[in-house]
Structures are given as structure tokens and as C-alpha cells.
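Visitor:
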Amino acid sequence: SLRFLNASANKLEMLPPATLSEETHSILQELYLTNNNLTDKCVPLLTGHPHLKILHMAYNRLQSFPASKMAKLEELEEIDISGNKLKAIPTTIMNCRRMHTVIAHSNCIEVFPEIMQLSEIKCVDLSCNELSEVTLPENLPPKLQELDLTGNPRLALDHKTLELLNNIRCFKIDQPSAGDASGAPAVWSHGYTEASGIKNKLCVAALSANNFCDNREALYGVFDGDRNVEVPYLLQCTMSDILAEELQKTKNEEEYMINTFIVMQRKLGTAGQKLGGSAVLCHIKHDPMDPGGCFTLTSANVGKCQTVLCRNGKPLPLSRCYVMSCEEELKRIKQHKAIITEDGKVNGVTDSTRILGYTFLHPSVVPRPHVQSITLTPQDEFFILGSKGLWDSLSMDEAVEAVRNVPDALAAAKKLCTLAQSYGCNDSISAVVVQLTVTEDSFCCCELNGVPPPSPGIFPQSVNVVIKDRPTDALGMPSSSSGMASEISSEISTSEMSSEVGSTASDEPPQVVMNENSPAYPGEQRCILHPVCLSNSFQRQLSSATFSSAFSDNGLDSDDEEPIQGVFTNGSRVEVEVDIHCSRAKEKQLLQVPVEASDEGIVISANEDEPGLPRKAEYSATGTIGRRRGNGSVAPQERSHNLIEVATDAPLRKTGGYFAAPAQPDPDDQFIIPPELEEEVKEIMKKHQEQQQQQQQQRQYPVDHLADYYDTPL
Numbered sequence: 002s003l004r005f006l007n008a009s010a011n012k013l014e015m016l017p018p019a020t021l022s023e024e025t026h027s028i029l030q031e032l033y034l035t036n037n038n039l040t041d042k043c044v045p046l047l048t049g050h051p052h053l054k055i056l057h058m059a060y061n062r063l064q065s066f067p068a069s070k071m072a073k074l075e076e077l078e079e080i081d082i083s084g085n086k087l088k089a090i091p092t093t094i095m096n097c098r099r100m101h102t103v104i105a106h107s108n109c110i111e112v113f114p115e116i117m118q119l120s121e122i123k124c125v126d127l128s129c130n131e132l133s134e135v136t137l138p139e140n141l142p143p144k145l146q147e148l149d150l151t152g153n154p155r156l157a158l159d160h161k162t163l164e165l166l167n168n169i170r171c172f173k174i175d176q177p178s179a180g181d182a183s184g185a186p187a188v189w190s191h192g193y194t195e196a197s198g199i200k201n202k203l204c205v206a207a208l209s210a211n212n213f214c215d216n217r218e219a220l221y222g223v224f225d226g227d228r229n230v231e232v233p234y235l236l237q238c239t240m241s242d243i244l245a246e247e248l249q250k251t252k253n254e255e256e257y258m259i260n261t262f263i264v265m266q267r268k269l270g271t272a273g274q275k276l277g278g279s280a281v282l283c284h285i286k287h288d289p290m291d292p293g294g295c296f297t298l299t300s301a302n303v304g305k306c307q308t309v310l311c312r313n314g315k316p317l318p319l320s321r322c323y324v325m326s327c328e329e330e331l332k333r334i335k336q337h338k339a340i341i342t343e344d345g346k347v348n349g350v351t352d353s354t355r356i357l358g359y360t361f362l363h364p365s366v367v368p369r370p371h372v373q374s375i376t377l378t379p380q381d382e383f384f385i386l387g388s389k390g391l392w393d394s395l396s397m398d399e400a401v402e403a404v405r406n407v408p409d410a411l412a413a414a415k416k417l418c419t420l421a422q423s424y425g426c427n428d429s430i431s432a433v434v435v436q437l438t439v440t441e442d443s444f445c446c447c448e449l450n451g452v453p454p455p456s457p458g459i460f461p462q463s464v465n466v467v468i469k470d471r472p473t474d475a476l477g478m479p480s481s482s483s484g485m486a487s488e489i490s491s492e493i494s495t496s497e498m499s500s501e502v503g504s505t506a507s508d509e510p511p512q513v514v515m516n517e518n519s520p521a522y523p524g525e526q527r528c529i530l531h532p533v534c535l536s537n538s539f540q541r542q543l544s545s546a547t548f549s550s551a552f553s554d555n556g557l558d559s560d561d562e563e564p565i566q567g568v569f570t571n572g573s574r575v576e577v578e579v580d581i582h583c584s585r586a587k588e589k590q591l592l593q594v595p596v597e598a599s600d601e602g603i604v605i606s607a608n609e610d611e612p613g614l615p616r617k618a619e620y621s622a623t624g625t626i627g628r629r630r631g632n633g634s635v636a637p638q639e640r641s642h643n644l645i646e647v648a649t650d651a652p653l654r655k656t657g658g659y660f661a662a663p664a665q666p667d668p669d670d671q672f673i674i675p676p677e678l679e680e681e682v683k684e685i686m687k688k689h690q691e692q693q694q695q696q697q698q699q700r701q702y703p704v705d706h707l708a709d710y711y712d713t714p715l
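Residue numbering for the sequence shown follows the numbering used here, beginning at 2 and increasing consecutively.
(1) Does the region 155 to 166 come within contact of the region 397 to 411, defined as at least 3 CB pairs closer than 8 angstroms?
(2) Would DSSP call Leu166 helix, strand or coil?
(3) I'd like the span of the beta strand (DSSP E) that includes Arg267, first residue to last.
(4) Do you know whose CA, among Val44, Asn260, Ile122, Ile94, lies nearest Thr102's CA?
(5) So, at 7 angstroms on beta carbons, what are the nonlocal neighbours of Tyr234 in its own chain, with the 5 sequence-adjacent residues on each side left out?
(6) Using only the alpha-carbon positions, how far apart do Ile357 and Pro370 sit?
(7) Taking 7 angstroms as the cut-off, decide whether the C-beta atoms of Asn7 and Asn37 are in contact.
(8) Kindly list the residues whose CB is nearer than 8 angstroms to the CB of Asn146, restricted to its own chain and excluding five residues on each side of it in sequence; keep chain order.
(9) With DSSP as the reference, label Ile285 as helix, strand or coil.
(10) Kindly give me the distance between the Cβ atoms of Val281 and Gly198, rounded to whole angstroms, as I take these residues to be in contact under 8 angstroms.
(11) Is the CB-CB distance between Val350 and Ala339 below 7 angstroms?
(12) May I ask you to report which of helix, strand or coil DSSP gives Gln373?
(13) Between Gln307, Val434, Gln696, which lies nearest to Asn211 when the distance is taken from Cα to Cα?
(14) For the alpha helix (DSSP H) containing Val404, name the first residue and the last one.
(15) Span of the alpha helix (DSSP H) holding Lys70?
(16) Evaluate the contact criterion for the region 63 to 70 versus the region 416 to 432: three or more CB pairs, one atom per stretch, below 8 angstroms.
(17) I believe Ser279 touches Lys389 by the beta-carbon criterion, under 8 angstroms. Please report the beta-carbon distance rounded to the nearest angstrom.
(18) From Tyr359 to Gly84, what distance separates their C-alpha atoms?
(19) If Val309 and Leu319 are in contact, beta carbons under 8 angstroms, what's the gap, nearest whole angstrom?
(20) If I'm right that Gln380 touches Ser300 with Cβ under 8 angstroms, what's the distance once you round it to whole angstroms?
(21) Under the three-state reduction of DSSP, which class applies to Gly192: helix, strand or coil?
(22) Under 7 angstroms, do Tyr33 and His52 count as touching if we go by C-beta distance?
(23) Write down every uninterrupted run of the beta strand (DSSP E) in the region 89 to 158 whose length is 3 residues or greater and which is fully enclosed by it, in chain order.
(24) Could you give the first and the last residue of the continuous beta strand (DSSP E) run that contains Arg312?
(25) By Cβ distance below 8 angstroms, which residues in the same chain neighbour Glu330 in space, the five residues on each side in sequence not counted?
(26) Quick check: what's the CA-CA separation for Asp242 versus Val232?
(27) Please state if the CB of Met71 and the CB of Pro91 are separated by a distance shorter than 7 angstroms.
(28) Over the uninterrupted alpha helix (DSSP H) stretch that includes Asp242, give me the two end residues.
(29) Please report the straight-line C-alpha distance between Ala105 and Ser190, rounded to a whole angstrom.
(30) Taking the alpha-carbon of Lys202 as reference, which of Ser431, Glu441, Ile375, Gln697 has the nearest alpha-carbon?
(31) Beta strand (DSSP E) containing Leu39: first to last residue?
(32) Using only the alpha-carbon positions, how far apart do Glu111 and Leu132 sit?
(33) So is Asn61 buried or exposed if we call it buried at 16+ other beta carbons inside 10 Å?
(34) Taking 6 angstroms as the limit between beta carbons, can you name the residues of its chain near Pro114, skipping five residues before and five after?
(35) Between the Cα of Cys283 and those of Arg267, Asp291, Phe262, spot the shortest distance and give me the residue it belongs to.
(36) Can you look up Val682 in the DSSP assignment and give me helix, strand or coil?
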């Protein structure tokens, strides 16, 4: 009487015979044997089940599927033989007239099978194989809805074939990669997959942007509408644009993520009144002012879409599900007098207390996400974003272990989806796998007090680091809404104010003995990217601002001048070493730029030591913020700073030297803003000064919440 059997995720090497006697006959219809150790010897035993309709034998050790055995499974409707070492699908699959789904990704298939001759075929997945060409009949099967040919690097399709395949509702093929415009090595690569549920409705969506905002950021997302299609589609189309707008307003990870979800809630409109959806967003960003610095991964989620990071082979959850079992959520919902049904749902609708949509359940159900940020290290291998169906079928430990040794991100995502379906998931599934290659020379552990994560030989005492020059637009210049206008182009062009990042760490660090009473930075821990600069030695840092000779011509060519520490002359260029890294790990100091009026517009003075200019007291703590270093570098960093402010304030002013401030502002040391931009820059500078005043007040009267916290219109 057995009709359904799922023996997946075991260590089976053989199958028992179908019947014990000739008098009994098998009526088995569904057989799931995914993730075992079955070999070709098991295939003949399957013929004892002539009524088999669904057969899953993915991720076993099959090298061939005998044609004679396939011919006897005439009632087969769905077959999944992915993740094996098959080189071909037998031609006798034509005998399976009812076949509607063939999934054979992650094999070694070289010849396109004859499945297009089947009249009932609906879904074909031949991704991650070794196909070189596709042979098609004159007319495609009338019911064909999906064909996936991604991950076949040798595949070449002519124009006629492409024109024919484009008529399929869902046709997937690799797009030609443009590569990284900056020429920098790829830090991440991704693969994603989606699968519809038992009702043939795709209620999930995925978002992937390898080059988000600029070439050093990425954004990934997974959205799950449970039983509706509208909300995931809206989230997929809209959420990246909202996040890009919020990034212009604040750089605080928690703030811009929370605001993104709240604005998205409003933009759902009427679709979000009675429908809802889970969502998870992962944003990888990198400080544009420090091209050699760290990458930060920020994850935000509502509902049951979640993210997990694999660090040193162990899962590190970055998400949280807010359901009725959370005491603080249960207490909050009871305060709003919502009805909690026996199945643990709010008003019988959803068991998630934080989810997008369902506005008729507000304030019991809110869209505020759980946000977590983490600095990426060389020990981080990959992270997974998954929908509700994936995590209901797989634990995070299983998911990480399953794909850790899969070299291709697309094949890894496919494997997760196949395992979930074989383990009994009938819902729509979406999985995104992002593989990371964080090199040792782009990881900073200053925030960890100089102690890197445990890994032998990761941080040697002396390392050469070279960062190639990149175009200015790749450095992420601040926009006009985040500080001073970036369109100052009359006197200071982008080419003149280029931020070239070069230089290497010293090959032979000086032998300096630090005793306990040494005054030079006691107890300060730094990483190899940002070493401690001692007062009697000078090492070139990774961060350097380079000024062109257009406004660095104050008698520097004179041979009488003695060389100034921290300043390098190279022909017509002056390189000033500026230590502006890792400022977010310590207390920030504010730089104030005076504004003068002139006939030509607004003049931003480059001379800091003018009379009447308020100066902040320098800290005597062990941190680098606001301190004058032995090489003339400082580390002032504020969210609203841009390249011009940091560069003009960086070098040390020495009495009688090149950087001594004259009694009157010298025209060569002033930044002239053209009249047509005068009004715009006045507005921006006014906002800038208001922000400074607010921050000063908040320092005098500290409050419990964040200093830059604000309420949204909602």
C-alpha cells in the first residue's frame, strides 16, 4: 500500500528490491532519495516500481542512467537527477509521455537531450553543465514555461535559436559580464535561484546588484509573499532605489536600513493593506574615503526571510524572526489588544509580528526590521539569503555545510533549493548565495583593538600593499545633498582634485623599542593596514591625498626650504600623507570651514589658523582622532566630510614652514565657487553649520538615543 517514500539525507548505498514475491506489485508513486550515496547499481531496481510518477535522485553518485531502465518508467512525470556526474540523459526519456519536469543541473551533460519532443514538458533545468549547443525542433512544446541554461560557459547560441527561445515565458541564460570598471579584484560573486510551489505560483523574488551605487558596494535581497505574487514583485522593483536615496541622507547602517523598510511600507500602497511579505536585505559597503579599508555587511530583515554568514566554516546568523514566541513581541501585541488565535497568528492572519504590508493590522504588526552590521574578514567564506520555504526545510548548520565545498555560487544556490524540495517543501523557494574573497590586505582590525580573528599567519609584521589608481568616480565622491556641492568645476575640476591612492607599507620597519613609560601611543592597537606611526620614524600610509600643482605653488620649488615631515614632492606633484582611516571606531571630531563672501561668489578658505577660527581641543587619549602624529597626519573624520575638507585640513602647520598661515588669505590658497553655484552652496553650507550646532548641543546634553536619530514622516 506504500505510495509515498522520502529517504533523503541518509547514507544509503543500495536499495531493496521492489517486491518480495511475484504475486505482489508495487504501487509506489513518489520516491525521494536525494543526498545519499547511491550508485548506478541502484537504477535497475527502480524498474520494479512501474507506477512511479515522481523520482528525485539528486546529489548521489550516479555516472549514468541506463536507457533501457528509463524506458520502463513510462508513467514518470517529474525527475530530478541533479548534482551527479551524468554526461547525458538517455534518449528513451521519450517513452515518458507524461513527463512535465526535468531537473538535471550541476552535472557534466555535454549534449542537449531530446526532451523538447515531449508534448507535456513544462520546466527544464540544465544549468551548471557543459553544454556547447542546443538542438531544438521547429516548434517548441506548447506548454513549455521555463528553460534554464545558465552556468554553461561553453554554450553559444545563434540568432535564430535565441529568437525562438525568447518566446518562452521564463528563459534564463548567462549575460555577458562587463567586469569591474575600477580594475580592482572581485570581492564577491553571487548566484541565485527561484522555484515555484506546488500550486505553480512563484510567490518569491530575488534582488542582486553586484555594483550598487558604485563599484565597491553590493546589494542582495530575498522577498517572500507567502501566497501572493504582488508584494514580492513590488519589493524587488522598488527597494533598491529607496535604499540608494536613504544612503544620501545618512551613513548610519541602522538608520538607513530602518528608513528603507518604513518608506517601502508606504510605497506598497493599496497592495500592502491586506497583503504582506517577508524581506531580507544585505548591503555590502566600503568607506569611499579609504579605498584600502574594510568592507561592512549590513543585514536587515522582517518576517521569515533570513541571512546566515559562514565564518571559519561555522554559521553566524545575521537575522531574527519576530514571532509570538518572543516575549517582548507578545507583550507589545497585548498592549495593542490584538487577537492572538490558537495557531499563534495575529488576528488569524500572520504569525510574524514584524513584516511588510498588512497595514490593517497596525500597530500590532509593524515593518521595523532587525538590523545587524558586521565587518567582513578573510575568514568569511560566503553568506546565504533564503526565503521562508528554505529555512523551514533546512537548518542553518545544514545549509552552510551543504554548500561550503561548492565552488560555484550558482550551483550552491541550486543545491539549496533542490535539497529543500526533496526534504518536503511545497512552498515557493528563493535562495541567494554570495561568495566572498576578502583579502588580508583589505581587512582592518583596528575596531577589534588590533586583535585579528584566530587564523595563523594572517597578519605578518611587514607586508607590501599596492592599490592601483582608479578613476575619481569610482571613489564615491559625495553628492551635493551630503555636504558641499560636488559640482564645483570652474576653478577646481575633478581631474585637479584627484585622490590617488598609492604607496606601500615600509619593507623594513624601523627597530624601535617601546618601553612601558614610552609616551608614544601607549596601549594603542593597530592592524597592518594602519600601523602606529612613531614620533621618531615615518612610514608611508595607505591613505594619501595628492594635490596637483595648480594650487600647491607657494614657493615649494625653492631650494632653501627644508623638507617637511609628511609631505613628499614628486616633480609637479605634492603628496601629503593623511591618516583618515577607522575613525568610526573612535570618538569623532568636527572640522569647521569658514565661509567668506567675495565678488566672485563664496570662498572656502583653506587656511585653518586664521584669527577667530574656533579650534577643537586636541584629545590626549590614546586614540588617533584629533592627534597630531609624528608624520604630520591627523585623523579627523565626520559623516559630512568630503575629500576637499579632509585634504585641506590634513597636513601639520609648522611655524615658518610651507603650511604657515599668512596674515591675509592668499588667493592661491582659496577655493573659488562660481556665481552660478553660489545660492546652492550657501544653502548647503547653512545646513552644514546647523548640523554642527545640533551635534554640539547633543554633546553638551547627551540623550539616550542616537545623536543623529530622527523620526520619519510615518
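All C-beta atoms, glycine included, are put in the ideal place defined by N, C-alpha and C.
Guide: Put simply:
(1) Fewer than three beta-carbon pairs drawn from the region 155 to 166 and the region 397 to 411 are found closer than 8 angstroms, and the two stretches are therefore not classed as touching.
(2) DSSP, read as helix, strand or coil, puts Leu166 in helix.
(3) Where Arg267 is concerned, there is no enclosing beta strand (DSSP E), although the alpha helix (DSSP H) it sits in stretches over 254 to 268.
(4) Ile122
(5) Ala206
(6) Residue identity check: residue 357 is Leu in the sequence provided, not Ile. Cα to Cα, Leu357 sits roughly 9 angstroms from Pro370.
(7) no
(8) The residue you asked about is not Asn; residue 146 is Gln in the sequence shown. Here the set comprises Lys123, Cys124, Ile169, Arg170, Cys171.
(9) It is a strand residue.
(10) Contact doesn't hold; Cβ gap of about 19 angstroms is too wide.
(11) no
(12) In this structure, Gln373 counts as strand in the three-state DSSP scheme.
(13) Val434
(14) Element bounds for Val404: 397 to 404.
(15) 68 to 72
(16) no
(17) Taking the Cβ atoms as the reference, Ser279 lies roughly 6 angstroms from Lys389, within the contact range of under 8 angstroms.
(18) Spanning the two alpha carbons is a distance of roughly 40 angstroms.
(19) 7 angstroms
(20) Not really, about 18 angstroms apart at Cβ, beyond 8 angstroms.
(21) If DSSP states are grouped into helix, strand and coil, Gly192 belongs with the strands.
(22) no
(23) Runs of the beta strand (DSSP E) inside the region 89 to 158: 102 to 104, 124 to 126, 147 to 149.
(24) 307 to 312
(25) Tyr323, Val324, Thr354, Arg355
(26) If I take the Cα positions, the gap works out to 16 angstroms.
(27) yes
(28) 231 to 250
(29) 23 angstroms
(30) Distances from the CA of Lys202 to each of Ser431, Glu441, Ile375, Gln697 were compared; the closest alpha carbon is that of Ser431.
(31) First-last for Leu39: undefined, no H or E at that position.
(32) 5 angstroms
(33) Burial call: buried.
(34) Ile90
(35) Phe262
(36) helix
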